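In what follows, a structure is listed as structure tokens, so that the remarks can point back to it.
Residue numbers (our numbering): 1 to 411.
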């Protein structure tokens, strides 16, 4: 009867721990969705957790061998485990610190316990380390790839902006030069009929040549502005891809950490269970481990991970297009400035309309998924949510660009 009551109490406690754990995870996920400024700190924290598991699996493997070699080797491992766990004050580490202390008292351990320790603790722990290492590397590779792409597009955007400004200045120079030639042609003095005829031929050739250069300069400005704008859009999309990669990576890290802590707790419980079965000689030692093992709290340890997320670097800000024609302090004909701004405004409005139509379609799909949960998988719902986030960000980007160009046009 008492055994049943203990089992019932233990099961209730496990359910309570899992419920509290899920609440912490939901709060953590919400904080990640608000920004990814702690990704680098998060990456370091996850790596430290993986290193801890790797070192822990090594120590436990040596412990299983030490069970056959008795107290001398066991004492050595106790010192190693104490050194390993002294760097952190988490409940998991605290439990293993107490385990290391109790190793000193375990001078005689038989072969069965060593075998059980290897099969049910060490091997699962090594499998956990290997799986999480692969997952972590995949996440880091995805984030690094999108980060590199973002840096490349930002660099291309900067070069295109420089070329756009340079083309605009050259166009202004040609426009002014053409105007000077026309004025000089009207005001030139006349000496004789032959001289007038020759002057007219030369003037016509020069005018034609200057007019050709002027048209080329205008075409160059249009081409450079469109190219710069295109790079701005591509850079923003690259930023959104990087943001999504960081978000997915943070969520993956959160799931990995939950899995790691949960499995560590289960392995610790397994260690305790088999340790208590060794016999009367280890009863007192095992009893001293009950309290720290029962105090292991995945929720408490996960709070450290949540807190670290807020200490990283901020997300790159949206970088709006900065056209030559917007700068009233830069040399440019007023009418050409107005025409250039009108064309840019039309270009932005076209993109705005296209993005709005796309957003409406995705919102319809999101409503369909919400009304019919069996219509799509969890991945498809996540993709729709992510797409909506991208479109809202792009609409905000384009609206800000439109407002900026409209403001310049109003001046």
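Ideal Cβ placement from N, Cα and C applies to all residues, glycine included. It should be emphasised that the depicted structure is a prediction, and the values quoted were computed from it without experimental measurement.
Beta carbon of residue i nearer than 7 Å to that of residue j
i	j	result
residue 436	residue 90	Limits of the chain in this structure are 1 at one end and 411 at the other, which puts residue 436 out of reach.
residue 250	residue 105	no
residue 245	residue 142	yes
residue 348	residue 402	yes
residue 217	residue 174	yes
residue 135	residue 256	yes
residue 352	residue 408	no
residue 308	residue 140	no
residue 214	residue 150	no
residue 122	residue 60	yes
residue 97	residue 115	no
residue 118	residue 71	no
residue 381	residue 365	no
residue 305	residue 125	no
residue 289	residue 102	yes
residue 272	residue 293	yes
residue 167	residue 212	no
residue 323	residue 345	no
residue 321	residue 229	yes
Start-to-end residues for the alpha helix (DSSP H) that takes in residue i
i	result
residue 328	Taken as a continuous stretch (DSSP letters only), residue 328 belongs to no alpha helix (DSSP H), as it is neither H nor E.
residue 294	283 to 294
residue 361	334 to 371
residue 317	Here residue 317 belongs to no alpha helix (DSSP H), and DSSP marks it neither H nor E.
residue 411	Premise fails: residue 411 is in no alpha helix (DSSP H) and is neither H nor E.
residue 301	298 to 308
Residue i classed as buried or exposed, judged by whether at least 16 other C-beta atoms fall within 10 angstroms
i	result
residue 68	exposed
residue 410	exposed
residue 193	Residue confidence for residue 193 is low, a pLDDT of 45 falling below 50, so the modelled location carries little weight; the figure read from the coordinates is stated next. Result: exposed.
residue 100	buried
residue 128	buried
residue 172	buried
residue 78	buried
residue 283	exposed
residue 109	buried
residue 225	buried
residue 390	buried
residue 46	buried
residue 405	buried
residue 202	With a pLDDT of only 46 at residue 202, under the threshold of 50, the placement of this residue in the model should not be trusted; the figure read from the coordinates follows. Under this definition residue 202 is an exposed residue.
residue 74	buried
residue 265	buried
residue 298	buried
residue 146	buried
residue 337	buried
residue 38	buried
residue 25	Reliability fails at residue 25, whose pLDDT of 47 lies under 50, so the model's placement of it is uncertain and the value that follows must be treated cautiously. It counts as buried.
residue 66	buried
Residue i at chain B interface by Cβ criterion, 7 Å
i	result
residue 223	You won't find chain B in this structure, because it holds only one protein chain.
Any non-hydrogen atom of the ligand GTP within 6 Å of residue i CB
i	result
residue 228	The ligand GTP is not among the ligands present in this structure, which contains no ligands whatsoever.
Kindly confirm or deny that the segment 231 to 250 and the segment 147 to 159 touch, where touching means at least three C-beta pairs closer than 8 Å.
yes
If you scan the segment 70 to 154 from start to end, which runs of the alpha helix (DSSP H) of 4 or more residues do you find wholly inside it?
Correct list: 71 to 85, 91 to 103 and 111 to 117.
Are there three or more Cβ pairs, one per stretch, closer than 8 Å when the segment 52 to 61 is compared with the segment 81 to 97?
With the cut-off at 8 Å, the segment 52 to 61 and the segment 81 to 97 touch.
Using 8 Å as the cut-off, can you tell me whether the segment 387 to 404 makes contact with the segment 248 to 265, which would need three or more C-beta pairs spanning the two stretches below that distance?
no
Taking contact to mean 3 or more Cβ pairs, one atom from each stretch, closer than 8 Å, check whether the segment 160 to 167 and the segment 256 to 267 are in contact.
no
As an exercise, report each continuous alpha helix (DSSP H) stretch of at least 4 residues that is fully enclosed by the segment 196 to 264, in chain order.
none
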